Structures are given as C-alpha cells and as structure tokens.
Amino acid sequence: MTRTTDLVNLNNKRREQLHPENLNYYEEMLVYLRLGTARSERQTEELLLELLEHLLQAQKEGRTAQEVFGENPKSYCDELIVEIPAKPRKQQLRFAARMILIFLSSSSIAAGIAGYGLFQWFGLGTGQTDFYLGSALAIVLVDLLLLWVVVTSILRWMRGSAFESGGGGGGGGGKNSWNIRGYLKVMVMIVLSMTSAVLLMKYMPAFGKLVSIPTLSLAGVGILLYLISLVLKRAEKLAEA
9 MTRTTDLVNL NNKRREQLHP ENLNYYEEML VYLRLGTARS ERQTEELLLE
59 LLEHLLQAQK EGRTAQEVFG ENPKSYCDEL IVEIPAKPRK QQLRFAARMI
109 LIFLSSSSIA AGIAGYGLFQ WFGLGTGQTD FYLGSALAIV LVDLLLLWVV
159 VTSILRWMRG SAFESGGGGG GGGGKNSWNI RGYLKVMVMI VLSMTSAVLL
209 MKYMPAFGKL VSIPTLSLAG VGILLYLISL VLKRAEKLAE A
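Quick note: to get my numbering, add 8 to the position in the sequence shown (first position is 1).
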C-alpha cells in the first residue's frame with residue numbers, strides 16, 4: 009500500500025505540470041484541505057491527488073481550474089472536507105504526544121548545552137541546575153498550553169489566508185485586509201505567549217521537592233525524549249502502511 013509520504017511526493021512531482029494560474033488555484037485548495045481539522049492525512053492526500061489528476065486532464069483540454077472547480081473554491085473544499093474520514097483518536101493522541109516530546113526535548117537540549125557552555129567558558133552559574141518538581145511541572149504544562157495556542161492560531165491564520173491571492177477566485181481588498189489583521193493577531197499572540205512564559209519562569213512560586221542535577225544532563229534527557237519521539241513517528245508510519 010502506498011504511504012502518505014509517497015502520495016505527497018507524487019503530488020509534488022505531478023503538480024509541476026500545472027500552468028501558473030492553475031497551479032496557484034490548486035495550491036490554495038491544497039493548503040486549505042491539508043489544514044482541515046483532524047482529518048485523515050492519507051484520505052486527504054488521496055483526494056488531493058485525485059483532484060490534481062482531474063485538473064491536469066482538464067488542462068490538456070484547454071480548461072482552467074476555475075472552470076473545473078468553480079468560482080468559489082472554498083465552498084467546494086468545505087463540501088469535500090465533510091466527506092473525509094476523521095483521523096483516528098489513537099493517531100491524534102500519538103501525534104500530539106510526539107509534538108510534546110519534540111518540544112520538551114528541544115528545550116532540554118538547548119538549556120543543557122547553553123547552561124554548560126556558559127559555566128565552562130564564561131564561569132557563569134555553577135554547572136548544576138536546581139528546580140522544584142512542582143514548579144517545574146506547572147511551568148511545563150502552562151508552556152505547552154501557550155504553545156498549543158500559538159500553533160493553533162498560526163494554522164487558523166494560514167488556513168484562513170487561502171483563496172485570498174485572487175488566483176482562487178476569492179481575492180479582494182476586504183479579504184486582504186482580513187489577512188493582514190489575522191497576521192497581526194498572530195504576531196500579538198506570539199509576543200504575549202513568549203512574555204507570559206518568561207514571566208511565569210521568573211515569578212512561579214517554589215513548591216514540590218527540590219532537585220539538583222548536572223546542567224549538561226538536561227541535554228541527555230532531551231536526547232532521550234527525542235529518541236522516544238522517533239519511536240512514535242515510526243509507529244505512525246507503520247499505522248499508515
């Protein structure tokens with residue numbers, strides 16, 4: 009059975025045959041469909057490839073994407089999304105767990121290497137990291153929530169920005185203005201989230217057991233978490249095979 013990644017690669021290759029106008033129209037549909045909420049990735053890619061083949065055939069006959077899919081591609085895509093099966097809950101949880109592990113691993117590796125480097129090269133710090141388990145857990149949970157808010161906001165903005173270039177039959181000054189407002193909202197959300205994360209680390213009350221570990225060991229923990237995320241990624245690939 010063809011894997012989802014193979015379908016994506018095939019789509020990328022076949023898409024090169026589209027004329028510029030048709031390519032712009034189709035890629036806006038592609039972004040909108042791929043960012044559909046909690047839908048089967050495999051079914052989505054199969055649908056996108058089917059739409060692409062249909063458009064390529066129509067292009068050979070001298071028809072444009074707008075003639076094939078209509079002047080309102082967003083409504084057309086909304087009808088298609090309803091027909092795509094929802095992503096299995098187990099797969100959603102596995103993906104969410106992998107994203108959390110990647111976030112925690114990158115944070116741990118960065119903190120471990122940076123802290124160790126500052127101590128070894130500049131004499132800053134003690135080479136040990138002290139933290140309270142309760143406070144650390146609370147900070148991690150809030151940071152994950154902030155990350156979820158930021159990522160969700162970005163994805164919604166990207167999806168809402170589809171069909172606004174004019175190639176998808178939905179361009180216009182009003183929509184472009186909405187796109188700019190959406191972008192500004194996302195930027196404000198990112199700044200507020202980063203500020204909140206910094207203030208949280210600074211003012212979080214200390215509670216729970218005090219733990220002291222070598223700073224460099226944080227990088228080791230991060231590497232371990234990343235390896236676990238790779239195992240989950242492998243499980244995702246096996247599930248779609």
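Note that CB positions come from ideal geometry on N, CA and C, so glycine has one too.
Keep in mind the model is a prediction, meaning the values are calculated, not measured.
Only counting the same chain, and skipping five residues up and downstream in sequence, which positions put a Cβ closer than 8 Å to that of residue i?
i, result
"Gly216", "Tyr140, Leu141, Gly142, Ser143, Ala144, Leu145"
"Trp129", "none"
"Gly181", "Only weak support is given to the placement of Gly181: the predicted model assigns it a pLDDT of 47, under 50, and the question is left unresolved by the model."
For residue i, report the span of its alpha helix (DSSP H) as first-last.
i, result
"Gln100", "97 to 130"
"Phe77", "73 to 77"
"Thr160", "141 to 168"
"His62", "49 to 68"
"Thr134", "It is not in any alpha helix (DSSP H) - Thr134 carries neither H nor E in the DSSP assignment."
"Asn32", "28 to 42"
"Asn20", "12 to 23"
"Glu81", "The question names Glu, yet the displayed sequence has Pro at residue 81. That run of the alpha helix (DSSP H) goes 81 to 91."
Considering just the uninterrupted stretch of the beta strand (DSSP E) at residue i, what are its terminal residues?
i, result
"Ile221", "218 to 222"
Determine the burial state of residue i: buried for a count of at least 16 other Cβ atoms within 10 Å of its Cβ, exposed for fewer.
i, result
"Tyr40", "buried"
"Gly131", "exposed"
"Tyr33", "buried"
"Thr134", "exposed"
"Thr223", "buried"
"Glu53", "buried"
Check the Cβ-Cβ distances between residue i and every residue of chain B, and say whether any is below 8 Å.
i, result
"Pro93", "Judged by its chain identifiers, the structure shown contains no chain B, having just a single protein chain."
Rounded to whole angstroms, how far is the Cβ of residue i from the Cβ of residue j, which I believe are closer than 8 Å?
i, j, result
"Leu171", "Lys82", "Rather than Leu, the amino acid found at residue 171 in this sequence is Phe. 5 Å between Cβ atoms; contact."
"Ala94", "Ser169", "24 Å between Cβ atoms; not a contact."
"Ser225", "Gly120", "7 Å"
What does a CB cutoff of less than 7 Å around residue i pick up in its chain, not counting 5 residues either side in sequence?
i, result
"Ile198", "Val158"
"Gln67", "Leu26, His27, Asn30"
"Leu43", "Leu163, Met166, Arg167"
Please go through the same chain and pick out, in chain order, the residues whose beta-carbon is closer than 6 Å to the beta-carbon of residue i, but skip the five residues on each side of it.
i, result
"Ser161", "Val194, Met197"
"Ala214", "Tyr140, Ser143"
Given 7 Å as the limit, tell me if residue i has its C-beta closer than that to any heavy atom belonging to the ligand SAH.
i, result
"Thr52", "Of ligands this structure carries none, so the ligand SAH is not represented either."
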